[in-house]
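Colleague:
Protein chains: 2
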Amino acid sequence: MGTRGSVTYTAPVPFGFSVHAVDRESRARRGAITTEHGVIDTPAFMTVGTRATVTGLDPDDLAAVGAQVLLANTYHLMLRPGVELFRRVGGVHGFMGWRGPILTDSGGFQIFSLSADRTVSERGARFRSYVDGRMHMLSPERSIELQTAIGSDIMMVLDVCIDSTSDAATTRAAMERTHRWAVRSLAARSDTQTGDRQALFAIVQGGLVPELRAESAAFLTQHSFDGFAIGGLAVGDTREERQDVIALSAELLPLDRPRYLMGVGTPPDLLHAMLAGVDMFDCILPTHLAWQGTAFTSSGRVKITRAAYARADVPLDERCSCRTCRGSTRAYLHHLFKCGEPLGARLLSLHNLHHYQALMTEARRAIEAGEYARWARAKLEAIDRHEHGARRPGRRLEGAA
Amino acid sequence: MGTRGSVTYTAPVPFGFSVHAVDRESRARRGAITTEHGVIDTPAFMTVGTRATVTGLDPDDLAAVGAQVLLANTYHLMLRPGVELFRRVGGVHGFMGWRGPILTDSGGFQIFSLSADRTVSERGARFRSYVDGRMHMLSPERSIELQTAIGSDIMMVLDVCIDSTSDAATTRAAMERTHRWAVRSLAARSDTQTGDRQALFAIVQGGLVPELRAESAAFLTQHSFDGFAIGGLAVGDTREERQDVIALSAELLPLDRPRYLMGVGTPPDLLHAMLAGVDMFDCILPTHLAWQGTAFTSSGRVKITRAAYARADVPLDERCSCRTCRGSTRAYLHHLFKCGEPLGARLLSLHNLHHYQALMTEARRAIEAGEYARWARAKLEAIDRHEHGARRPGRRLEGAA
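Residue numbers (our numbering), protein chains in the order written: chain A, 340 to 740; chain B, 340 to 740.
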């Protein structure tokens, strides 16, 4: 059994976090986030619904695969359908029909990775809309205003995103601006009438430089954020570099606030980060790969379009209990992809999301039992064996894909 | 109350048809087809799943919208995944996970409408596969062999399809070959070991020439087919021409066999054909239009991509009880289509199929009550008013779209 804890955080908004158990041999922890729209068991994998939809799936589907919380994106939603609509319809929950918790990213990452015609100043970022070509301003204050109208349960501060491999001076400058923007975001929430219903998380930056990460965590944790994210990873870094930064950052974050690793999410990434005490994850991988015909299974990744599966009269994953595995064979899924039929991607999405949620359920049980470290290492070795074992014997664990 | 009847047909295969009630003022009739995979209440609208999938929907979805029977296509399935797979996996039911009745079209219509490099002779049709470029032969015997392997509950004879507006000599020649092919199909079923589990329907042809239609019905009904289809319509003809041929053909078909109008299916088409005593329908319209963003509603067709719906915080159809109308607003559906998100087409497909099934349920109740003719005329007038009323007052009923 893991160590039972009594760490609890109650925010001035309808948001709380409590840790129920900590693993015996790692920092992995089992807890719960409470929001106005329900409870999120942690560690949690958040399903990505960028444009207020998870591609091809509706809220009932998401509930069926075990999703408790969705992630939507301020950048995309401000451009389409536009924030005025959210003010009219009372926020994103009613708009998309999802009654559970929703976290909104601030748009920072998208401004820096997707926008054309972008000018960034201390005030914020000006960029051109991909929808209608008009110029928009996204400042820390504007992002809070938008997220307030969208009505998410958890808002993120606008941050400055750069390649994790940028030079130290660039990385420091981005980090320092991120800090100033975080403080402005916090002030903006206090000014915003309805923002007092929504939690606000800060984002630790600092690239791959340990000193900067430590400085960032030290600065941000002096302020009354409801949670802390680790940002700026999976943008050019290796898995080993990433793991070091995650372990270092997580350790410097307060015990009583949720820790959220942004946008990093192969199963090995999740397993490693939970060892370091990360509580929340999001990643487009399960749905993104599904639309490309790739499934996560208990015996490794399966590319369903391969000719080998054309006659495979067996479920996608014999050990999976999801609707897809109960109702379809590999041969049928292969057929759907070969025909370009969207049902194939839908069935693979349902399966992949179920696979991720099942992994998280297993992880939470292992933490409760105090056996997470052992369980996770066995799981990582199994994944490594499935992905590389047969082809590249002797490959080390760190290379698990 | 309609006239209670005792018309019953029991086939030498696990197939039967009985008529329970006939409308007071029309030939509309209420019955049931029994198959090895379940009962089909008639009049029935069959959902089109050409490639063993209804675009974006799985069997649970189809059951939820009230579908009792699906239509799959021999032409598409012989090319992909190929008939060998069906032999291995025990037919289309297990392959796609649909446990209810399935009807397969013979491939006749597709050979004539889709195939490149096609040569038709008395023996059958040679054509080039769109999948791998290889030449295939589809003869009446081969179609039965394929449909036997596919394992549908109802097979269709291979027929010769031409434009309904072809000249009389062409139409007669196509009809006479269709007759010879029908007789060969019947013989092929007798020769086929497992074909004795499957019903076989003939197809009345003869274009828009009343004498040929009568001759075709007279010829085919001399043979022991389990049902009779009316083919060759909605390929260049007007609704009025179609209605005349349907009324004429249906009247010449035996009372104790199901009558199936192939590929004709706007709601007014269905309402008119039921008046003439048609029992079965299929049409791609509800799913096809859904993928283009068009919904059937109780107040007419709605093109959801229109700017007018961007802020419409109301259900697609206030009077509909489907999952889409309970869970989504027009504004959300508009957003999904504007983003190119496939969930939009899925939700519209679910709604449109529910709309069709609800129409059929209402029709069956009206026949049972003996009030079909009156109910159908009121429904046709309402549809005409919604589609054309405001724009073109005074337009006559026949023009209903």
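By construction, the Cβ of each residue, glycine as well, lies at the ideal position given by its N, Cα and C atoms.
Helix, strand or coil for G577(A), going by three-state DSSP, please let me know.
Modeller: Sequence inspection shows Thr at residue 577(A); the Gly mentioned does not correspond to that position. Correct three-state label for T577(A): coil.
Colleague: Who are the near neighbours of F676(A) in its chain, counting only those whose CB is closer than 8 Å to its CB and skipping five residues on each side?
Modeller: Excluding residues within five positions, the ones whose Cβ falls inside 8 Å are G632, I643, T644, G683 and A684.
Colleague: Cβ of A702(B) within 8 Å of Cβ of P440(B)?
Modeller: Taking 8 Å as the Cβ cut-off, A702(B) and P440(B) do not qualify as a contacting pair.
Colleague: Determine, using beta carbons only, whether E680(B) comes closer than 8 Å to chain A.
Modeller: Cβ-Cβ to chain A under 8 Å: yes for E680(B).
Colleague: Return the CA-CA distance between A391(A) and L410(A), expressed in angstroms with no decimal places.
Modeller: Whole-angstrom Cα-Cα distance: 8 Å.
Colleague: Check whether chain B comes within 8 Å of G355(A), counting only Cβ atoms and requiring the distance to be less than that.
Modeller: Closer than 8 Å: no.
Colleague: Starting from the N-terminal side, write out each stretch of the beta strand (DSSP E) that is 3 residues or longer and does not extend beyond the region 618 to 650 of chain B.
Modeller: Counting only runs of 3 or more, we get 619 to 621, 633 to 636 and 639 to 642.
Colleague: Rank G436(B), D618(B), F384(B) and H415(B) by C-alpha distance to the C-alpha of R669(A) and give the top, closest one.
Modeller: Among G436(B), D618(B), F384(B) and H415(B), the Cα nearest to that of R669(A) is on G436(B).
Colleague: Between the C-alpha atoms of E364(B) and K718(B), what's the straight-line distance to the nearest angstrom?
Modeller: Whole-angstrom Cα-Cα distance: 16 Å.
Colleague: Hey, I483(B) and T517(B): beta-carbon distance below 8 Å or not?
Modeller: Not a contact, by the Cβ cut-off of 8 Å.
Colleague: Would you give the residue range spanned by the beta strand (DSSP E) that R465(B) belongs to?
Modeller: Segment A464 to R467, the beta strand (DSSP E) holding R465(B).
Colleague: Please work out which residues of its chain come closer than 7 Å, Cβ to Cβ, to L551(B), disregarding the five sequence neighbours upstream and downstream, and give them in chain order.
Modeller: Answer for L551(B): T510, R511, M514 and G545, listed in chain order.
Colleague: List, from N- to C-terminal side, the alpha helix (DSSP H) runs of 4 residues or more that fit wholly inside the region 676 to 715 of chain B.
Modeller: DSSP runs (the alpha helix (DSSP H)) wholly in the region 676 to 715 of chain B: 681 to 707.
Colleague: Tell me whether D444(A) is buried or exposed, calling it buried when 16 or more other Cβ atoms sit within 10 Å of its Cβ.
Modeller: Classification of D444(A): buried, given that the 10 Å Cβ count is 16 or more.
Colleague: Keeping to the same chain, check which residues put their C-beta closer than 8 Å to that of V387(B); ignore five residues upstream and five downstream.
Modeller: Counting only Cβ-Cβ distances below 8 Å, and skipping sequence neighbours, we find V393, L409, L410, D621, C622, I623 and T626.
Colleague: Against chain A, does P420(B) count as a neighbour if the rule is that its beta carbon must be under 8 Å from one of theirs?
Modeller: Taking Cβ atoms only, chain A reaches closer than 8 Å to P420(B), which makes this a yes.
Colleague: Does any C-beta atom of chain A lie closer than 8 Å to the C-beta of A649(B)?
Modeller: Interface residue, yes.
Colleague: State the start and end residues of the unbroken beta strand (DSSP E) segment that holds S357(A).
Modeller: Element bounds for S357(A): F354 to V361.
Colleague: Are any of the Cβ atoms in chain A nearer than 8 Å to that of A721(B)?
Modeller: Judged by the 8 Å Cβ criterion, A721(B) is not in contact with chain A.
Colleague: My parser needs the beta strand (DSSP E) runs of 3 or more residues fully inside the region 469 to 507 of chain A; what are they?
Modeller: Complete beta strand (DSSP E) runs here, min 3: 474 to 477 and 493 to 495.
Colleague: Would you tell me roughly how many angstroms separate the C-alpha atoms of A715(A) and A367(A), rounded to the nearest one?
Modeller: About 10 Å.
Colleague: For D380(A), which three-state DSSP category applies?
Modeller: Strand, per DSSP.
Colleague: On the three-pair Cβ rule with 8 Å, is the region 420 to 434 of chain B touching the region 685 to 694 of chain A?
Modeller: Touching, no.
Colleague: Could you tell me which uninterrupted beta strand (DSSP E) segments, each at least 3 residues in length, are contained entirely in the region 384 to 424 of chain A, listed from first to last along the chain?
Modeller: Counting whole runs of 3 or more residues, the region 384 to 424 of chain A contains the beta strand (DSSP E) stretches 409 to 412.
Colleague: Among F540(B), D576(B), F635(B) and H611(B), which has the Cα closest to the Cα of P597(B)?
Modeller: Comparing Cα-Cα distances from P597(B) to each of F540(B), D576(B), F635(B) and H611(B), the minimum goes to F540(B).
Colleague: Measuring CA to CA, which of S478(A), G575(A), G602(A) and D618(A) is closest to E590(A)?
Modeller: Minimum Cα distance to E590(A) is reached at D618(A).
Colleague: How about R457(A) and F448(A): do their beta carbons lie closer than 8 Å?
Modeller: Cβ atoms of R457(A) and F448(A): not closer than 8 Å.
Colleague: So T663(A) is in the alpha helix (DSSP H); what residue range does that whole segment cover?
Modeller: T663(A) -> alpha helix (DSSP H) spans R662 to G666.
Colleague: I'd like to know whether the C-beta atoms of Q696(B) and G405(B) end up nearer to each other than 8 Å.
Modeller: A contact, by the Cβ cut-off of 8 Å.
Colleague: For V653(A), count neighbouring Cβ atoms within 10 angstroms of its own Cβ and tell me buried if that reaches 16, exposed if not.
Modeller: Exposed, because fewer than 16 other Cβ atoms sit within 10 Å of the Cβ of V653(A).
Colleague: Report the residue ranges of all beta strand (DSSP E) runs contained in full by the region 531 to 564 of chain B; include only those spanning at least 3 residues, in chain order.
Modeller: 538 to 543, all fully within the region 531 to 564 of chain B.
Colleague: By the 10 Å Cβ neighbour count, where 16 or more other Cβ atoms means buried, how is H415(A) classified, buried or exposed?
Modeller: So H415(A) counts as buried.
Colleague: Check whether the region 560 to 572 of chain B touches the region 520 to 530 of chain B, taking contact to mean three or more Cβ pairs, one atom from each stretch, closer than 8 Å.
Modeller: Yes: the two stretches touch, three or more of their Cβ pairs being nearer than 8 Å.
Colleague: Any beta-carbon of chain A closer than 8 Å to the one on P398(B)?
Modeller: So yes, P398(B) belongs to the interface.
Colleague: In the DSSP output, which residue or residues are listed as bridge partners for L600(B)?
Modeller: The partner list for L600(B) (beta bridge, DSSP) reads I569(B) and F620(B).
Colleague: Using three-state DSSP, classify V459(A) as helix, strand or coil.
Modeller: The answer is strand: DSSP assigns V459(A) an E or B state.
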